[in-house]
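Peer 1: Keeping their order, the protein sequence lines are chains F and G.
Going by this note's numbering, the first sequence opens with residue 117, and the numbers climb by one from there.
Going by this note's numbering, the second sequence opens with residue 117, and the numbers climb by one from there.
Positions of the beta carbon are idealized from the N, C-alpha and C atoms, including for glycine.
There are 2 protein chains.
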Amino acid sequence: MIKRQQIKELFKETAFGNEVRVMGWVKTFRNNQFIALNDGSCMSNLQVVVDFTNTDEALLKRITTGAAIAVTGRLVESLGKGQSVEVKASDIEILGDSDPEKYPLQPKKHSLEFLREIAHLRFRTNTFNAVFKVRHALAFAVHQFFNNRGFVYMHTPVITASDAEGAGEMFKVTTLDLDDTPKKDDGSIDFSQDFFGRATNLTVSGQLEGELAAMAFGQIYTFGPTFRAENSNTTRHLAEFWMIEPEVAFFDLEDNMQLAEDMLKYVISYALNNCAEELEFLNGRLLEEEKNKPQQERSELSLVEKLNFCLGNDFVRLTYTEAIQILRSSKPNQKKQFKYLIDDWGADLQSEHERYLVEKHFKKPVILTDYPADIKAFYMRQNETDSEGRRTVRAMDILFPGIGEIVGGSQREERLDKLTERMRAMNIPEEELWWYLDTRRFGSAPHAGFGLGFERLVLFVTGMTNIRDVIAFPRFPKSAEF
Amino acid sequence: MIKRQQIKELFKETAFGNEVRVMGWVKTFRNNQFIALNDGSCMSNLQVVVDFTNTDEALLKRITTGAAIAVTGRLVESLGKGQSVEVKASDIEILGDSDPEKYPLQPKKHSLEFLREIAHLRFRTNTFNAVFKVRHALAFAVHQFFNNRGFVYMHTPVITASDAEGAGEMFKVTTLDLDDTPKKDDGSIDFSQDFFGRATNLTVSGQLEGELAAMAFGQIYTFGPTFRAENSNTTRHLAEFWMIEPEVAFFDLEDNMQLAEDMLKYVISYALNNCAEELEFLNGRLLEEEKNKPQQERSELSLVEKLNFCLGNDFVRLTYTEAIQILRSSKPNQKKQFKYLIDDWGADLQSEHERYLVEKHFKKPVILTDYPADIKAFYMRQNETDSEGRRTVRAMDILFPGIGEIVGGSQREERLDKLTERMRAMNIPEEELWWYLDTRRFGSAPHAGFGLGFERLVLFVTGMTNIRDVIAFPRFPKSAEF
């Protein structure tokens with residue numbers, strides 16, 4: 117029997133008249149004659165032409181949406197527009213039926229909400245096919261970017277005994293019998309009997325371990341799952357998500373900002389170059405979606421225009437203090453249209469403020485730096501207190517249109533005395549992080565890094581609006597299906 | 117100030133006489149004159165020559181092993197062998213001291229056991245620098261191999277509500293207060309109050325979810341952390357490890373074996389081509405290690421010879437039944453040297469048997485197929501019962517010298533009736549895996565896949581012997597430090 121070919125390969129063939137063999141799933145079957153066949157290798161379907169007069173009636177009935185079939189036939193030049201080739205079937209075999217009465221995915225538009233309920237099948241739709249192909253391309257581009265620059269990919273641990281990472285609520289990990297937890301004499305749980313001999317959690321960040329490796333390899337990055345046990349039911353938060361965290365020795369905040377901007381531009385550019393078909397589809401999808409919105413809520417740019425716009429512009433860089441000045445005198449603040457009015461220096465910025473800066477004021481991606489120390493993590497490098505007595509740290513957040521914060525990072529506090537002083541003030545136990553402090557004891561050096569929430573990146577590049585639609589099987593409060 | 121250069125880049129420079137700037141960590145400082153400086157960009161150290169007669173005594177004292185320094189100086193051609201350039205320092209700045217009385221990593225040989233206790237610093241040794249550079253290269257090669265072939269990288273969930281994956285003991289994940297778990301009327305734990313509204317665990321495999329995606333994209337792979345809560349204190353097991361799991365629609369076991377062999381050869385070849393310096397070092401390290409072993413325990417091939425040998429030979433393919441015949445009549449079985457003697461068909465193979473086949477009998481990597489159904493998982497495709505009434509499944513295990521099983525896979529059971537029959541026999545609840553069974557209900561198709569334990573691959577390629585030495589921060593019973 118001749119060898120099966122992928123449909124993507126077949127579209128490049130020009131040996132018309134040759135016998136070919138393909139396998140895939142039926143998307144539609146029109147007029148008992150035209151099968152649109154997809155095997156996942158590309159978004160486009162192959163047209164298979166059935167000689168229905170010479171095909172068994174019972175077989176024709178089984179060619180239904182969702183059925184898996186194997187087709188042998190002759191490759192012919194296509195007369196239809198938009199496709200180069202089609203296959204005149206000489207033999208069709210049903211590999212797996214799909215009962216049209218029961219198959220949840222009919223050839224019509226389904227809501228994203230409905231598709232989330234059948235996440236095991238939604239990959240078969242055009243939208244999710246495109247989203248996950250783009251996700252793949254972005255993941256590969258991240259690895260390629262860092263590999264090209266000589267970074268070392270580190271797998272930092274998922275299970276951690278530390279709960280001092282400070283990035284959010286943690287999930288507990290245990291093998292204890294929850295029905296009958298062993299107790300110590302004082303009534304507290306005896307974690308010495310747990311698998312690791314102590315209480316453990318799921319990591320919220322690989323940064324602290326990443327810093328250890330950066331102090332040897334010079335430049336490293338992580339790309340792995342991280343977890344938040346926060347009860348957030350929003351379109352921007354997941355309980356389990358993937359994060360990319362580069363960390364570089366001898367880098368200051370300027371270097372760090374440049375690295376982040378270069379990385380974002382590299383991966384967006386890679387997606388544009390490698391996912392033209394998918395992005396064109398997602399571009400059209402978004403235009404269609406926006407037709408249902410009132411004029412003033414529609415984007416000024418289409419998806420592809422927005423991506424190109426990001427590539428063509430330097431990101432605006434300004435300090436938190438400068439941002440507060442802009443926001444304080446902004447129209448929505450003056451007219452009290454912000455939900456949280458900007459009054460004093462020191463307030464944390466809300467999504468509405470970030471979006472104002474990016475989407476209205478600058479109309480470009482923005483990097484905010486030098487945030488108040490009080491609203492940032494213990495490991496960020498402390499600036500000199502300014503003339504007005506304000507204490508800031510060398511933090512940076514990158515804000516993107518529609519997404520808000522996509523990257524958060526900082527130069528790290530490399531001075532042992534400053535670091536431990538801050539930890540004490542924030543009640544972070546030094547004993548627990550002895551290994552982290554060791555890097556400041558032995559050959560400490562200036563260094564910096566950042567975290568990129570991968571799903572936020574995928575949201576931005578695909579134009580999807582709910583983060584649950586850009587990860588295969590989303591985990592959120594009350595939901596761990598599949 | 118002039119821009120810092122990485123040492124790796126400096127080694128390529130020929131602009132002798134120019135002023136350069138480097139930063140790194142002091143490996144050694146000889147005769148108050150020669151600093152061996154490393155910045156992690158390559159294994160080789162840069163020689164920095166200090167004009168000690170014109171350098172402050174106090175500064176010279178601070179140039180100690182492990183200290184981080186910044187050096188400005190002139191690039192000169194090196195007269196020493198093995199290095200092309202060195203730097204004559206005009207200015208040295210101490211970025212971070214390293215007290216030689218306290219720094220645990222002295223410039224001498226430390227045992228791997230000791231280094232495991234200080235895993236946060238062991239990256240700074242030559243051995244671990246080499247191991248993690250090779251690990252990085254292998255990870256990148258895996259992504260490149262699959263990307264080149266059009267596979268889609270899937271991030272399957274880490275937190276799962278399923279405990280039917282059947283690959284081993286699972287860790288529980290919860291946000292319940294372990295001191296005071298909420299109870300239902302019948303006294304059992306009320307998981308409806310847990311974060312996900314049900315009991316959840318850490319995944320042991322992404323395969324089942326991977327199959328869902330393969331039924332849409334045709335070919336996918338996962339590369340993510342997986343977990344086993346087994347109390348195994350061996351040199352081959354970890355509680356947290358990374359696994360690569362490709363899954364391909366329309367593949368049979370033959371295709372699957374070829375894919376696995378191609379992948380292993382691709383990534384080994386990539387490491388040889390991209391980590392020459394590191395593999396040369398690890399090759400020497402292993403030769404050194406083996407000198408302490410009795411003659412008969414030493415490897416016949418050096419590390420690099422072993423890797424090249426794998427590339428140059430087809431993997432031997434045979435069935436479990438054929439392997440049993442070979443083992444039954446083997447010398448160690450006849451002479452009762454095996455701990456577990458091979459007598460009847462149906463026994464699970466032990467490590468000693470796998471190693472005999474690979475290292476003594478064939479002296480090549482071996483792929484065993486068609487194992488007894490009783491010792492394999494429910495999702496493997498069932499063969500026809502043979503003339504002697506034996507029931508086998510289309511499983512495959514790839515066995516490597518020194519490592520044993522490095523890949524385990526199978527063609528999957530795509531027939532709904534056969535699959536559910538098997539699940540019932542093995543007491544696997546069908547309701548819980550409704551989504552998995554749906555792929556057999558709607559457009560089922562032959563498909564196959566396998567799992568590669570990434571750390572076992574790294575063990576093989578680096579020649580290390582304990583799996584705890586090829587992952588940054590190993591997780592095993594009673595240990596979750598860092």
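1. Contact between the region 284 to 295 of chain F and the region 306 to 318 of chain F: three or more CB pairs below 8 Å?
2. Is any heavy atom of the ligand GDP found at a distance shorter than 7 Å from the C-beta of A184(F)?
3. Mind pulling the chain F residues with CB within less than 9 Å of S157(G)?
4. Taking Q121(F) as the reference, give the member of W358(F), K455(F), I384(F) and R190(F) with the closest Cα.
5. In whole angstroms, give me the CA-to-CA distance for F132(G) and E193(G).
6. Let me confirm a value: M542(F) is counted as buried when at least 16 other C-beta atoms fall within 10 Å, else exposed. Which label applies?
7. Assuming E529(G) and Y495(G) are in contact, meaning their beta carbons sit under 8 Å apart, how far apart are those beta carbons, in whole angstroms?
8. Tell me which residues share the same chain as P64(F) and place their Cβ nearer than 8 Å to its Cβ, disregarding the 5 neighbours each side in the sequence.
9. Report the residues of the region 488 to 506 of chain F with a CB closer than 7 Å to any CB of chain G, ordered along the chain.
10. Going by the CB atoms, is the gap between L553(F) and R575(F) shorter than 8 Å?
11. Indicate whether at least one CB of chain F lies closer than 8 Å to the CB of P562(G).
12. Can you list, in chain order, the residues of the region 133 to 146 of chain G whose Cβ is nearer than 7 Å to any Cβ on chain F?
13. Just to confirm before moving on: does the CB-CB distance between Y382(G) and F339(G) stay below 8 Å?
14. Measure the C-alpha to C-alpha separation of A255(F) and D302(F) and round it to an integer number of angstroms.
15. Helix, strand or coil for S214(G)? Go by DSSP, reduced to three states.
16. Bridge partners for K299(F) per DSSP, in chain order?
17. When the Cα of V586(G) is compared with those of D368(G), G400(G) and F244(G), which residue comes out closest?
18. Per DSSP, H563(F) is paired with what?
19. Let me confirm a value: F145(F) is counted as buried when at least 16 other C-beta atoms fall within 10 Å, else exposed. Which label applies?
20. Have a look at A564(G), L423(G) and I123(G) and flag the residue whose alpha-carbon is nearest the alpha-carbon of Q374(G).
21. Check whether the region 191 to 210 of chain F and the region 229 to 248 of chain F are in contact - that is, three or more C-beta pairs closer than 8 Å.
22. Return the bridge partner residues of S526(F) from the DSSP annotation.
23. Is T578(G) closer than 8 Å to L398(G) when the C-beta atoms are compared?
24. Which residues, in order along the region 176 to 198 of chain G, keep a beta-carbon less than 7 Å from a beta-carbon of chain F?
25. Taking Cβ-Cβ distances below 9 Å as the criterion, which residues of the region 586 to 598 of chain F are in contact with chain G?
26. Could you list which residues in chain G have their beta carbon closer than 9 Å to that of D554(F), in chain order?
27. What does a CB cutoff of less than 8 Å around R591(F) pick up in its chain, not counting 5 residues either side in sequence?
28. Quick one: grab the DSSP three-state call for I66(F).
29. Roughly how far, in whole angstroms, is the beta-carbon of R471(F) from the beta-carbon of I458(F), given that I think they are within contact range, below 8 Å?
30. Helix, strand or coil: which one does DSSP assign to E325(F)?
31. What is the residue span of the alpha helix (DSSP H) that G133(G) lies within?
32. Report the CB separation of V320(F) from R344(F) in whole angstroms; it is logged as a contact under 8 Å.
33. Name the two residues that bound the continuous beta strand (DSSP E) containing K288(F).
34. How far does the alpha helix (DSSP H) with E393(G) in it extend, from its first residue to its last?
35. Tell me whether T130(F) is buried or exposed, calling it buried when 16 or more other Cβ atoms sit within 10 Å of its Cβ.
36. Please report the distance separating the alpha-carbon of E571(G) from that of I583(G).
Peer 2: With the structure as the only source:
1. yes
2. Looking at this structure, you won't find the ligand GDP or any other ligand, since it has none at all.
3. Translated into the one-based positions of the second sequence, residue 157(G) becomes position 41. Ordered by position in chain F, the residues that pass the 9 Å Cβ test against S157(G) are G266, F333, G334 and Q335.
4. For the purposes of this step, residue 121(F) is identified with residue 5 of the first sequence, where counting begins at 1. Residue R190(F) is the option with its Cα nearest to Q121(F).
5. As a position in the second sequence, residue 132(G) is number 16, starting the count at 1. As a position in the second sequence, residue 193(G) is number 77, starting the count at 1. Whole-angstrom Cα-Cα distance: 7 Å.
6. Here residue 542(F) refers to the residue found at position 426 when the first sequence is read from its first residue. With fewer than 16 other Cβ atoms within 10 Å, it is exposed.
7. Position 413 of the second sequence, counted from the first residue, corresponds to residue 529(G). Position 379 of the second sequence, counted from the first residue, corresponds to residue 495(G). Indeed, because the Cβ distance is near 6 Å, the residues count as touching under 8 Å.
8. Residue coverage of chain F in this structure runs from 117 to 598, which leaves residue 64(F) outside it and unanswerable.
9. none
10. By 1-based counting over the first sequence, the position of residue 575(F) is 459. By 1-based counting over the first sequence, the position of residue 553(F) is 437. Residue 575(F) is actually Leu in this sequence, not Arg. It is not a contact, given that the beta carbons lie outside the stated cut-off.
11. Reading the second sequence from its first residue, position 446 is the one you call residue 562(G). With 8 Å as the cut-off, P562(G) counts as an interface residue toward chain F.
12. M139 and W141
13. Numbered from 1 along the second sequence, position 266 holds the residue referred to as residue 382(G). Numbered from 1 along the second sequence, position 223 holds the residue referred to as residue 339(G). No; because the gap between Cβ atoms is not below 8 Å, this pair is not in contact.
14. The residue labelled residue 255(F) in the question sits at position 139 within the first sequence. The residue labelled residue 302(F) in the question sits at position 186 within the first sequence. Straight-line Cα distance between these residues: approximately 49 Å.
15. Counted from its first residue, the second sequence places residue 214(G) at position 98. Of the three classes helix, strand and coil, the one that applies to S214(G) here is coil, per DSSP.
16. To locate residue 299(F), count along the first sequence from 1; it is residue 183. According to DSSP, K299(F) bridges with I305(F).
17. Against the second sequence, residue 586(G) aligns to sequence position 470. Here the closest residue by C-alpha is F244(G).
18. Start at 1 with the first residue of the first sequence, and residue 563(F) comes out as number 447. H563(F) pairs with A365(F).
19. The count along the first sequence starts at 1 and reaches residue 145(F) at position 29. Buried, because 16 or more other Cβ atoms sit within 10 Å of the Cβ of F145(F).
20. Numbered from 1 along the second sequence, position 258 holds the residue referred to as residue 374(G). Cα-wise, what sits closest to Q374(G) is A564(G).
21. no
22. Translated into the one-based positions of the first sequence, residue 526(F) becomes position 410. Note: S526(F) sits in a beta bridge opposite A511(F) and G565(F).
23. Working through the second sequence from its first residue, we reach residue 398(G) at position 282. Working through the second sequence from its first residue, we reach residue 578(G) at position 462. For L398(G) and T578(G), yes; Cβs fall inside 8 Å.
24. G182, A183 and A184
25. I587, A588, F589, P590, R591, F592, P593, K594, S595, A596, E597 and F598
26. Sequence index remark: in the first sequence, residue 554(F) carries index 438 (1-based). Those within 9 Å of D554(F) in chain G are P220, I234, H236 and L237.
27. For the purposes of this step, residue 591(F) is taken as the residue at position 475 of the first sequence. Counting only Cβ-Cβ distances below 8 Å, and skipping sequence neighbours, we find L354, A355 and E356.
28. Residue 66(F) falls outside the range modelled here, since chain F spans only 117 to 598, and no answer is possible.
29. For the purposes of this step, residue 471(F) is identified with residue 355 of the first sequence, where counting begins at 1. For the purposes of this step, residue 458(F) is identified with residue 342 of the first sequence, where counting begins at 1. Rounded, the Cβ-Cβ distance is 13 Å, inconsistent with contact.
30. In the first sequence, residue 325(F) corresponds to position 209, counting from 1. DSSP places E325(F) in helix when its eight states are reduced to three.
31. Walking along the second sequence from the start, residue 133(G) turns up at place 17. Segment: none, G133(G) is in no alpha helix (DSSP H) and carries neither H nor E.
32. Here residue 320(F) corresponds to residue number 204 of the first sequence, with the count starting at 1. Here residue 344(F) corresponds to residue number 228 of the first sequence, with the count starting at 1. Correct: roughly 6 Å between the Cβ atoms.
33. For the purposes of this step, residue 288(F) is identified with residue 172 of the first sequence, where counting begins at 1. K288 to T290 is the span of the beta strand (DSSP E), which, as asked, contains K288(F).
34. Sequence index remark: in the second sequence, residue 393(G) carries index 277 (1-based). Element bounds for E393(G): A392 to E406.
35. Residue mapping note: residue 130(F) aligns to position 14 of the first sequence, counting from 1. Result: exposed.
36. Working through the second sequence from its first residue, we reach residue 571(G) at position 455. Working through the second sequence from its first residue, we reach residue 583(G) at position 467. Their backbone Cα atoms lie some 7 Å apart in a straight line.
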